[in-house]
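Residue numbers (full-length UniProt numbering): 1 to 464.
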């Protein structure tokens, strides 16, 4: 897996040339973030879950380590150093006890140093980002920390280089995530749907807030998508496009209800959509989410400027009927993975599921936005219900492949899976370990890791 700004060449399967990638332009980095692909959970400013290089291929070397926690998000700055946002868990129910930031050696995957943080909300330790100086930006309580890594005569160290107290933001709820916008602000959202902007940093920063949620049970359970002058926020009830007024105060530009169904589905973390808003198409003019309708959820494509409908269709035909993952986007194409039945730790889910349990079935489908004389239409190109993507997948556009970890039902082997994004056909399967594992997790920067059940969790890195 390449360092940021230095994509590696992909290895075609069985000696065949890699297929051409579809047309599409990656969302640019912002002044507040380093280069594309390794500084945000969903890869870029559009939350496209795609990166402009090739994947690791079939013959890569595998290195691993035991960092002592589950590292759900991994960033990588221009210096090539992977930085994980990790959580230690305790007991059979996997109760989170200590969030931490861990610096890894990019060649050996060994932990170099760890900085433990105070325990607060789960999402604030997952949805952070890497700033233009390569510092991790994440929440600790109602403070925003910028954590840098430095090497001296005694070795590597992680330090809190800057702390920005948010003060009174009108709620005691934990922060659900942080993102930068295109104008240099940092945006945050709380788990009870308060959205805020921060100009500057440190004690003198200017903080402005607005509550967008109007329902008593309205929550934010997914990531935020940065916008040029604001943020896109999906709550458990509706989608909000939030911008900054002339004085920087958050203002709702438009909002859209969606069908949240009658309960949380198995394989989802909350009652409502499991998506992070994904922007795509010419000039990022379209935004896509998947709702939580009973039976078959819908892929909704909307005009990013107004929230008006562009096209809607069932997200899946024969795959599992629900998803906690964001939609992958490149050009005018969307790939929707299913997580229906995926078993999350009990502490991670919010409320009972209906049905209470279901087997993890998985699946992946490709849907194109097609334009003709009558308008724009959602058109399904293919569906692969057998594709069990056990992690947040990512697309590498140089070789036109989609990557995830996978396990086959009834088998103990865990593999890195590469699919041809044009056809959905499997082109790479690389064994990386054996059970006992829970369903594998994916990092946020193009590297991969697996959590080992009832034992220390390894961090696994793959290089071409």
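Built from N, CA and C at the ideal position, the CB exists for glycine as well.
Keep in mind it's a predicted model, so treat the numbers as computed, not measured.
Taking one C-beta from the region 339-357 and one from the region 260-276 each time, how about it: are there three or more such pairs within less than 8 Å? Taking one beta carbon from each stretch, the region 339-357 and the region 260-276 have 3 or more pairs nearer than 8 Å; the two touch.
Inspect the CB distances between the region 195-205 and the region 162-170 and report whether three or more fall short of 8 Å. Segment contact: the region 195-205 against the region 162-170, three or more CB-CB distances shorter than 8 Å; contact assigned.
Taking just the CA atoms, how far does residue 384 sit from residue 213? As the crow flies, the alpha-carbon of residue 213 is around 36 Å from that of residue 384.
Based on the DSSP secondary-structure assignment, which residues constitute the bridge partners of residue 552? Because the chain in this structure spans residues 1 to 464, residue 552 falls outside the shown range and cannot be described.
Would you give the residue range spanned by the beta strand (DSSP E) that residue 402 belongs to? Counted as a single uninterrupted DSSP element, the beta strand (DSSP E) harbouring residue 402 occupies residues 401-407.
Would you tell me roughly how many angstroms separate the C-alpha atoms of residue 290 and residue 132, rounded to the nearest one? Taking the straight line from one Cα to the other gives about 32 Å.
Can you tell me where the beta strand (DSSP E) with residue 394 in it begins and where it stops? DSSP places residue 394 inside the beta strand (DSSP E), whose first and last residues are 394-396.
Can you tell me whether residue 105 is helix, strand or coil according to DSSP? Coil at residue 105, not helix or strand.
Here's a check: name, in chain order, each residue in its chain whose Cβ is nearer than 6 Å to the Cβ of residue 183, leaving out the five neighbours to either side. Excluding residues within five positions, the ones whose Cβ falls inside 6 Å are 229.
Taking the alpha carbon of residue 433 as the reference point, which residue from 402, 104, 417 and 296 has its own alpha carbon closest? Comparing Cα-Cα distances from residue 433 to each of 402, 104, 417 and 296, the minimum goes to 417.
Identified DSSP bridge partners for residue 482: Here the chain comprises residues numbered 1 to 464, so residue 482 is not present and cannot be evaluated.
Could you pull the start and end residues of the beta strand (DSSP E) that residue 316 belongs to? Here residue 316 belongs to no beta strand (DSSP E), and DSSP marks it neither H nor E.
Please tell me whether residue 253 and residue 243 are closer than 8 Å, where the distance is taken between their beta carbons. Contact flag set, yes.
Using the Cα positions of residue 441 and residue 392, report the straight-line distance between them to the nearest angstrom. Caution applies to residue 441, whose pLDDT of 44 falls short of 50 and renders its modelled position unreliable; the model cannot decide the point.
Considering only their Cβ atoms, is the gap separating residue 276 from residue 495 smaller than 8 Å? Nothing can be reported for residue 495, as the shown portion of the chain is limited to 1 through 464.
Quick one: is residue 357 buried, meaning 16 or more other Cβ sit within 10 Å of its Cβ, or exposed? By the neighbour-count rule (16 or more Cβ atoms within 10 Å), residue 357 is not buried but exposed.
From what residue to what residue does the beta strand (DSSP E) around residue 365 run? First-last of the beta strand (DSSP E) with residue 365: 364-372.
Give the straight-line distance between the Cα atoms of residue 411 and residue 240, rounded to the nearest whole angstrom. Rounded to the nearest whole angstrom, the C-alpha separation of residue 411 and residue 240 is 42 Å.
Just the C-alpha distance for residue 64 and residue 110, rounded to the nearest angstrom, thanks. If you draw a straight line from the Cα of residue 64 to the Cα of residue 110, it is about 7 Å long.
For the region 150-159 against the region 175-182, are there 3 or more C-beta pairs whose distance is under 8 Å? When C-beta atoms of the region 150-159 are compared with those of the region 175-182, fewer than three pairs fall below 8 Å, so the two segments do not count as touching.
Using 10 angstroms around the beta-carbon of residue 142, count the other beta-carbons present and answer buried if the total reaches 16, otherwise exposed. Counting Cβ neighbours within 10 Å, residue 142 comes out buried, since at least 16 surround it.
Look at the alpha carbon of residue 333 and the alpha carbon of residue 344, and state the distance between them as a whole number of angstroms. Each residue's Cα considered, the two are about 29 Å apart.
When the Cβ atoms of the region 313-320 are set against those of the region 75-87, are three or more pairs found closer than 8 Å? They do not touch, by the three-pair rule.
In or out: residue 44 buried (at least 16 other Cβ within 10 Å) or exposed? By the neighbour-count rule (16 or more Cβ atoms within 10 Å), residue 44 is buried.
Residue 425 - containing beta strand (DSSP E), residue span: No beta strand (DSSP E) contains residue 425, which DSSP labels as neither H nor E.
Going by CA-CA distance only, name the one from 389, 400 and 394 that's closest to residue 407. Comparing Cα-Cα distances from residue 407 to each of 389, 400 and 394, the minimum goes to 389.
Given a cut-off of 8 Å, decide if residue 336 and residue 365 are closer than it, judged by their beta-carbon atoms. With respect to residue 336, residue 365 sits close: the two C-beta atoms are nearer than 8 Å.
One or two residues paired with residue 66 in a DSSP bridge: Beta-bridge annotation (DSSP): residue 66 is not paired with any residue.
Looking at the structure shown, is residue 205 part of a helix, part of a strand, or coil, going by DSSP? Assignment of residue 205 by DSSP, reduced to helix, strand and coil, places it in the coil class.
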